[in-house]
Each structure stands twice: as C-alpha cells, then as structure tokens.
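Below: the structure, in structure tokens.
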Amino acid sequence: MTIPDEVIRARAALQMINPAPYNAEAPPAALAEEITPTELHYVRSNFSLPEHDGRLEIGGAVEHPLTLTLEDLRAFPAHERAVTLECAGNGRLEMRPLPTGEPWGDYAVSTARWKGALLHEVLAQARPHDDGVDVRFEGADHGAYHLAAVLADTDTEDMHFVRSLPLDHVADPASEILIAYEMNGKPLGQDHGAPFRIVVPHWYAVASVKWLQRIDVLTEPYVGEFQTGHYIYEWADRAPEPVDLMRVRARVTAPAAGSTVPAGTVEVRGKAWSGTGPIARVDVSLTGAGEWREAHLAPPTGPYHWQEWSFDWEEAAVGRHTLRVRATDAAGNVQPDVPPWNRLGYGNNAIEVVYVDVV
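Residues in the sequence shown are numbered consecutively from 0, following numbering that gives the first Met the number 0.
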C-alpha cells in the first residue's frame with residue numbers, strides 16, 4: 000500500500016534501522032518516559048504495510064466460527080493496560096560474532112497504554128473444542144521473506160506473518176491478552192497494527208501480532224516460519240528453544256552514555272523490566288567490575304510495564320567512570336555479563352555498561 004503522509008510524519012522522530020520493511024528504534028530520550036509517546040514508540044515490521052479489510056475471522060477447532068469488525072470488538076467490555084513491548088532482537092548489534100537479523104541497537108523497547116477487548120472473552124464466544132492445543136494468529140502483512148527457513152508453512156514468496164500461543168495461556172483470564180484497537184488514547188496507527196492487533200503482556204513483542212486478520216484454534220502444535228523457523232534460540236550446544244518471555248533487563252536513562260556531569264552527587268536513574276517476574280532489585284557498580292550497590296526501586300505502577308529505579312552516586316570524583324547496572328527479578332533471574340550467544344541474536348540482556356565523564 001502507499002504510505003500515508005501521516006505515517007511518514009509520525010516516523011520523523013524515530014531512528015530508522017531499515018526503510019523497507021520499515022523498522023525503527025525509539026530515540027534514547029524516550030526511555031525516560033513512563034509511557035512512551037506514540038510517535039516515539041519503536042516500530043518492528045517483517046513486511047510492508049498491508050491493506051486490511053476490517054474483519055477478524057475466528058475459526059479452526061471451534062463450535063461457532065466468528066466474523067468480527069472493529070465495531071463488534073468495541074461492543075465487548077473495554078480494558079486498558081500499560082504494557083512494555085520489547086523486540087526479541089533488541090541489542091543484537093552488541094553481540095559477537097554479529098548474528099543474522101536486523102541490526103537493532105538498544106532502543107527497540109517502549110511502553111504504551113493499549114485499550115481493547117480481552118482475547119479470552121472474545122474467543123469464548125467461538126467456543127474452542129476441548130482438544131484445542133494452540134491458537135494461531137495471522138496478520139494481514141505478507142510478502143517474500145528472504146530469511147525463510149525450510150520450516151515455512153506457506154510459499155516463501157508470499158507468506159503472512161503468523162504466530163501461535165498455547166490455548167491454555169490464551170484462555171486463562173490471568174493472561175490478560177488484549178485485542179487492542181487503541182494506543183495511548185487514540186485509534187491504532189498503521190505502523191502499530193491498525194485496525195486491531197493482539198498485545199501479549201510479558202512476552203517478547205513478536206507474540207503481539209499486528210494487523211490481525213485471523214485467529215484459528217488448532218488441535219496440534221503450530222509449525223511455521225515465524226514460530227519454529229525464526230524467533231527461536233538456536234544454541235551451539237543444545238536443542239533450539241522458542242523465544243517467549245522477555246528476559247530481565249535494566250537500562251540507564253541518566254546520565255546518558257558519554258555525557259559529562261559535575262563532580263559531587265549524581266543521580267543515576269533508569270528503567271527495569273522482565274517477563275519472568277516482577278523486578279526485585281537493581282544494582283549499580285561504579286567501578287566497572289564488582290562492588291555492587293543496591294539502587295532504589297520506585298513502587299510499581301502496573302504489572303506489565305517497566306519500573307523506575309534510581310541511585311545517588313555520592314562524591315563522584317573527577318575523571319572517566321564506568322557504570323554498570325543489572326536487574327534481578329522475583330523469580331531469581333539475574334542479568335548476565337554476557338548472555339549465551341545464539342545464531343539469530345535474540346534475547347540479549349547483557350549488563351549495561353555506561354561511560355561517564357565527571358568534571
């Protein structure tokens with residue numbers, strides 16, 4: 000489709016990674032916001048912007064197949080959730096050797112307020128069969144995929160973006176998966192999946208299929224290009240594993256990397272998030288090695304988005320300093336110095352290192 004002028008304008012503040020399909024990181028300053036302004040929210044696409052006929056088909060192993068419109072979805076009780084979405088390839092550019100894939104830096108992560116219908120309530124109207132196993136989500140975006148693997152579920156010259164989730168997870172009210180039609184109080188824009196998409200809390204954003212056009216309940220585990228061919232951890236020493244929950248991670252928002260600050264007391268602050276449990280603590284090192292000191296965690300403002308932290312760096316002396324920051328979640332997961340390398344470069348949650356000059 001022709002890219003509308005409003006989409007071009009909305010992209011102006013982003014850091015473009017690839018023009019076609021369009022992929023762009025948020026500017027570094029956006030990480031300081033609790034809620035990322037829509038125009039600063041990162042964008043991830045596997046294909047060009049699609050045309051969408053405004054309908055959502057629900058079928059497969061269900062008693063009552065459905066065809067829904069945006070108006071139908073708005074008739075369900077509306078729910079709004081602030082959710083942090085992170086691209087599974089975030090930080091790929093820092094991995095060595097450099098893996099295959101889009102050269103993402105560290106800003107393919109954002110938090111928005113998403114509003115829509117709860118997926119489990121919508122799916123319940125279709126009445127999935129008892130032998131259902133997976134739920135398949137198909138986006139309207141499609142095209143040739145130059146990285147296609149042998150596990151493609153369709154012609155690699157014209158495939159749709161398709162992902163699946165376990166039916167047990169989808170049907171669980173506690174999962175709070177949304178079929179979202181609004182972002183930050185306004186209708187979804189083209190880059191973010193209009194007219195509707197799913198938003199899956201805690202999972203890497205690959206699970207949050209944009210431009211949603213079809214949902215199917217399956218009686219066997221789904222096999223497809225973006226499920227079992229890509230978006231998997233391909234390890235050198237063990238069997239592949241699926242990309243699913245976001246790994247624990249902390250980032251520094253101030254002082255900025257490479258910045259200059261006056262001697263004395265310096266407030267170091269940032270964000271932390273995890274898909275595997277609430278943030279339990281954030282630690283800061285001022286030496287570039289060990290000697291970890293616990294930072295202050297601000298009270299969480301919601302279950303699905305990043306949490307603010309701060310640390311008073313007292314008596315910061317003149318010179319160049321190496322700051323390191325690591326997060327630990329309630330499940331005991333801790334950021335590593337260097338995560339295990341995988342061929343496709345997913346899940347890089349290495350401890351962040353920031354160099355700061357004190358004058």
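By construction, the Cβ of each residue, glycine as well, lies at the ideal position given by its N, Cα and C atoms.
Just so we're clear, the structure is a prediction, and the values are computed from it rather than from any experiment.
Contacting residues, own chain, Cβ-Cβ under 7 angstroms from serine 207 (five flanking each side not counted): If we look at serine 207 and ignore the five residues flanking it on each side, its Cβ neighbours are Leu84, Arg196, Ile197, Val198 and Val199.
CB valine 216 to CB valine 281, shorter than 8 angstroms? no
Quick one, are the C-beta atoms of serine 309 and glutamate 266 less than 8 angstroms apart? Going by C-beta atoms, serine 309 is nearer than 8 angstroms to glutamate 266.
If you measure between the beta carbons of lysine 209 and glycine 192, is that distance less than 8 angstroms? yes
Taking the straight line between their C-alpha atoms, what separation do you get for glutamate 101 and asparagine 341? Straight-line Cα distance between these residues: approximately 14 angstroms.
Per DSSP, what kind of secondary structure is aspartate 328 in: helix, strand or coil? strand
Classification of aspartate 243 by the beta-carbon crowding that lies within 10 angstroms, buried from 16 upward: buried
Which two residues bound the contiguous beta strand (DSSP E) that contains aspartate 71? Under the DSSP assignment, aspartate 71 falls outside any beta strand (DSSP E), being part of the alpha helix (DSSP H) whose first and last residues are 69-73.
Valine 251 and valine 353 look like a contact to me (Cβ under 8 angstroms); what is the Cβ gap, rounded to whole Å? Contact check for valine 251 and valine 353: beta-carbon distance about 5 angstroms, within the 8 angstroms limit, so the pair qualifies.
What is the DSSP secondary structure of isoleucine 16, reduced to helix, strand or coil? DSSP places isoleucine 16 in strand when its eight states are reduced to three.
Please state whether the Cβ-Cβ distance between tryptophan 345 and tyrosine 232 is less than 8 angstroms. Reading the sequence as shown, one finds tyrosine at residue 345 and not tryptophan. Yes, these two residues count as a Cβ contact at 8 angstroms.
For the candidate residues Ala256, Asp356 and Pro302, whose alpha-carbon lies nearest to that of glutamate 175? Closest by alpha carbon: Pro302.
Do you know how far the Cα of glutamate 307 is from the Cα of proline 64? 43 angstroms
Are the Cβ atoms of methionine 245 and histidine 295 separated by less than 8 angstroms? no
Would you kindly report the start and end of the unbroken beta strand (DSSP E) that includes valine 357? 351-357 is the span of the beta strand (DSSP E), which, as asked, contains valine 357.
Rounded separation between glycine 228 and glycine 318 - CA only: 48 angstroms
Which first and last residues belong to the beta strand (DSSP E) in which isoleucine 178 is found? 177-182
Starting from the Cα of leucine 39, find the closest Cα among Asn45, Pro49, Phe46 and Ala9 and give me that residue. That would be Ala9, whose Cα lies nearest to the Cα of leucine 39.
Buried or exposed, going by whether 16 or more other CB atoms sit within 10 Å of the CB of glutamate 137? buried
Kindly indicate the opening and closing residues of the alpha helix (DSSP H) around arginine 8. 4-9
Below 8 angstroms between beta carbons: does that hold for alanine 107 and leucine 177? no
Rounding to the nearest angstrom, what Cα-Cα distance links alanine 23 and alanine 330 in this structure? 32 angstroms
Burial state of leucine 97 (16 or more Cβ within 10 Å): exposed
Decide if the stretch 73-80 is in contact with the stretch 24-43; the criterion is three or more beta carbon pairs, one per stretch, under 8 angstroms apart. no
Let's see if you can read the secondary structure: which residues bound the beta strand (DSSP E) around alanine 77? 77-85
DSSP state of serine 174, grouped into three classes? Helix at serine 174.
Span of the beta strand (DSSP E) holding glutamate 266? 263-272
Which partner residues does leucine 117 have in the DSSP bridge list? Leu177, per the DSSP bridge assignment.
In angstroms with no decimal places, state the Cα-to-Cα distance between aspartate 133 and glutamate 56. Looking at the two C-alpha atoms, the distance is approximately 16 angstroms.
At what residues does the beta strand (DSSP E) containing phenylalanine 310 begin and finish? 306-315
Tell me whether phenylalanine 46 sits in a helix, a strand or coil according to DSSP, three-state version. coil
With 16 other Cβ atoms within 10 Å as the buried cut-off, status of glutamate 62: exposed
Just confirm the distance between the C-beta atoms of phenylalanine 364 and asparagine 45, as a whole number of angstroms; I'd bet it's less than 8 angstroms. This structure gives no information on residue 364, because the portion of the chain shown stretches from 0 to 358.
Going by DSSP, what residues sit across from lysine 185 in a beta bridge? According to DSSP, lysine 185 bridges with Met182.
Minimum C-alpha distance to arginine 213 - residue among Gly59, Ile7, Pro20 and Asp4: Gly59
Please list, in chain order, all residues of the same chain as glycine 276 whose beta carbon is under 6 angstroms from its beta carbon, the five residues on each side excluded. These residues qualify, in order along the chain: Asp328, Ala329 and Ala330.
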